[in-house]
Structures are given as structure tokens and as C-alpha cells.
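2 protein chains.
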Amino acid sequence: MSDVELPPASLQNLAQDFREALRHSVYLVRRLDNEGELSAAQLSTLKMLLHDGVRVGEIARNLGVKVPSATEQIIKLEKADLVRRDPDPDDSRAVRVVLTAEGRAAVDSANERRNAVMAKILVALSDSERQALAAALPVIEKINSTVQN
Amino acid sequence: MSDVELPPASLQNLAQDFREALRHSVYLVRRLDNEGELSAAQLSTLKMLLHDGVRVGEIARNLGVKVPSATEQIIKLEKADLVRRDPDPDDSRAVRVVLTAEGRAAVDSANERRNAVMAKILVALSDSERQALAAALPVIEKINSTVQN
DNA sequence: CCCTAACTATTAGGCTACCTAACTATGAGT
DNA sequence: ACTCATAGTTAGGTAGCCTAATAGTTAGGG
Chain A
30 MSDVELPPAS
40 LQNLAQDFRE
50 ALRHSVYLVR
60 RLDNEGELSA
70 AQLSTLKMLL
80 HDGVRVGEIA
90 RNLGVKVPSA
100 TEQIIKLEKA
110 DLVRRDPDPD
120 DSRAVRVVLT
130 AEGRAAVDSA
140 NERRNAVMAK
150 ILVALSDSER
160 QALAAALPVI
170 EKINSTVQN
Chain B
30 MSDVELPPAS
40 LQNLAQDFRE
50 ALRHSVYLVR
60 RLDNEGELSA
70 AQLSTLKMLL
80 HDGVRVGEIA
90 RNLGVKVPSA
100 TEQIIKLEKA
110 DLVRRDPDPD
120 DSRAVRVVLT
130 AEGRAAVDSA
140 NERRNAVMAK
150 ILVALSDSER
160 QALAAALPVI
170 EKINSTVQN
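Protein sequences, first through last, are from chains A and B.
Count the first sequence with our numbering and you get residues 30 to 178, in order.
Count the second sequence with our numbering and you get residues 30 to 178, in order.
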């Protein structure tokens, strides 16, 4: 390989360290997940629906899963009366998934519970640590958005 | 609830935003996972073994899973000749899991592949973005370490 | 028009990785 | 030596993802 354009070692290190942090974060997410009445996948799905009337395909795309996986989650949520599947008035192939009142309440409650757990962790950090974290979040989201495919 | 000790709204927001970032990162991790010959769980398990002779219970604890889940992974890795299970000389209930030469090679190769993918993403960031990310990683790891339960 | 190609969603079947409960074997304390 | 705790495995179950196959709908070209 050429030595032009070769990313500096620091980039490799950053990649390594970031990957490691993400790996460990998986355990954190898992922990958070036990905290709730809703699974992570279910909560994520419900969150998509806060803007009413979303199609299955759009949900799948936003969640980074295939359409059948989204359908599966939606069916579970429907059985729990958290969502409803309405026909799309404009396209009868499509389905508009909407939150029920219970669904909306469930999102709020699950969100609060999980935020509380997370806040309890964050409160142990110093101001500068919280600042560093806050400053990095947009970057992380930018990175995440590159995966949107 | 009392209004003393109540965390400021910014803490709630940070918790919210961080959770959201983690949620999206799951998709990134999934993407990275398809990049490798080893699954994330397998690679994580192998990584534990870079310090030779680790017990099953310790692996489980480090991976944040229960012992049977660790056993399951180890058996798969053993079938693939990536690890070996040796009796513990000091405690014959215990098992010392050690990497084989192939296992060590597999870790290195999978790591490189994944780092390369990640580096390709990171190279698109600006210097200050990379700095912000780098500055936050220790904080994130600190947060992660609080979960070690 | 209508026929084909593209698209939306569901169903069917399969895999991985996790869990709990029950078991085996060994170790350690009294 | 008996009991209780500890290390690991086995058995059985669940969630969440996938691909392939299917049904129904739309849209565009002859």
C-alpha cells in the first residue's frame, strides 16, 4: 500500500477505541432494556410512530431492519393494543401504523423510566465529563447517520 | 418528589440524547457485524481470552451475560478450533479457556477488518469532530463500567 | 385497455444469542 | 464425613433478526 492517503495511526486508534466503547455500550443498553416494560425493539418501533400514520416500510428503514422484522414487531404491539393498523387511503397496498392512546402512554412511561436510570448514571459524572459527552453526541449521531442504508 | 437534589433538566436531556445515540449505534454495530467472519458475540468472547487462561464465569461476567450463554459461545468457538478448554490445575471444577493459534489469528483479522470499516467512517469527520469523539470516549467507558453488575 | 413489472406487506421457516431451571462434579468448612 | 457453596454444562424456551415465497395493488407501455 502507498503511504500517501494512509490514515494516521491515530485514526486507527480512534476507530479501535470507539468500537470498544460501542461494544461495552451494548451491555449498558441490555441493562437499560431490563428496566422497562417494553423491549428495546418495541420501544424503538413505537417511537417511530409519534408522527402518526407511518408505513411499515418506513418503520423498517428507520429501525435499520428488514420489512418482515418490522411487521413482526408491529403485530406484537398490535396484540398488546399499543398500535393499530389502518389502511392507507391513498395506496391500498400500504398500511398506516398509528399509536393507540395506550401506546402513547407506554412510550412515555418507558422513556421516563429509562431516562431516569440513565440520569442516575450521568449524575455521577463531573461537569466537564458531561460536557465532553454532550459535545460528542452530535458527532456520534453523524456517524450513525452514515449507516442509514 | 422533593425539588432538592432534583437533577436539572439538562441532565434529563443529556440522558435522553445519549440513549437516542446509543439506540442508533445499535444499527452501526449491526452493520459492522456483517463485515466480519466472526459474530460480535464470538469476537467479544475471543477478545476476553487475549490474556490467557480465563474461566468461563469470568468471561460471562466480562461480557455481561450469564454463564450458560458464555458456555454456548465457547463451545461454538471450540468446534471452530479457535479456543481450547483446559482443566484448571488448581480447581478441577473450573475450566481455563485459551485461544488457539487460529483463534489469535481470527481475532486479529476480524479486528482489522472492523477497524478498517470504522476508520473509513471516521475519516469523513473534521478534526474537531474527531477530537470531540476522542474526548468523550473515556467518559463513555466510565459510564459503561458502572454497569459491571 | 390490459398486461407486465414494480412495489407493499405478510407468512413461513430458520438462525443466533440470550435467558432460567435443573443437573453434575468438585471444593471447603465444621 | 456431611453439608453447603461454587463452576460449569445441559435442556428447553424466547426475542429479534434474516431470506424466500406469496398475495394483493399500482403504474406504465403497447
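All C-beta atoms in this analysis are idealised placements derived from N, C-alpha and C, irrespective of residue type, glycine included.
Secondary-structure assignment with DSSP links Asp115 (chain A) through a beta bridge to A:Arg125. Within the region 41–52 of chain A, those residues whose Cβ lies closer than 7 Å to any Cβ of chain B are, in chain order, Gln41, Leu43, Ala44, Gln45, Asp46, Phe47, Arg48, Ala50, Leu51, Arg52. Among the residues facing chain B, Thr74 (chain A) is not included, as its CB has no counterpart in that chain under 8 Å away. Between the C-alpha atoms of Tyr56 (chain A) and Asn63 (chain A) there is a straight-line separation of about 11 Å.
Checking the DSSP bridge columns, you'll see Val83 (chain B) partnered with B:Val126.
Taking a Cβ-Cβ threshold of 7 Å, the residues of chain B close to Ala148 (chain A) are Pro36, Leu40, Gln41, Ala44, in chain order. A residue is called buried when at least 16 other Cβ atoms come within 10 angstroms of its Cβ; His53 (chain A) meets this threshold and is buried.
Residue-level contact check: Asn63 (chain B) does not touch chain A, since none of the beta carbons of chain A fall below 8 Å from its beta carbon. Between the alpha carbons of Ser39 (chain B) and Ala109 (chain A) lies a distance of about 33 Å.
Here the alpha carbons of Asp120 (chain A) and Asn173 (chain B) stand approximately 46 Å from one another. Exclusion of the five residues before and after Gly86 (chain B) leaves Val96 as the residues of its chain whose Cβ lies within less than 7 Å of its Cβ. Secondary structure of Ser155 (chain B) (DSSP, three-state): coil.
By the neighbour-count definition (other C-beta atoms within 10 Å, threshold 16), Arg59 (chain A) is an exposed residue. Straight across, the Cα-Cα distance linking Ser68 (chain A) with Val124 (chain B) is about 34 Å.
Assigned with DSSP and collapsed to three states, Glu64 (chain B) falls in coil, not helix or strand. A distance below 8 Å between beta-carbons, with the five flanking residues on each side excluded, links Leu106 (chain A) to the following residues of its chain, in chain order: Gln71, Thr74, Leu75, Val112, Gly132.
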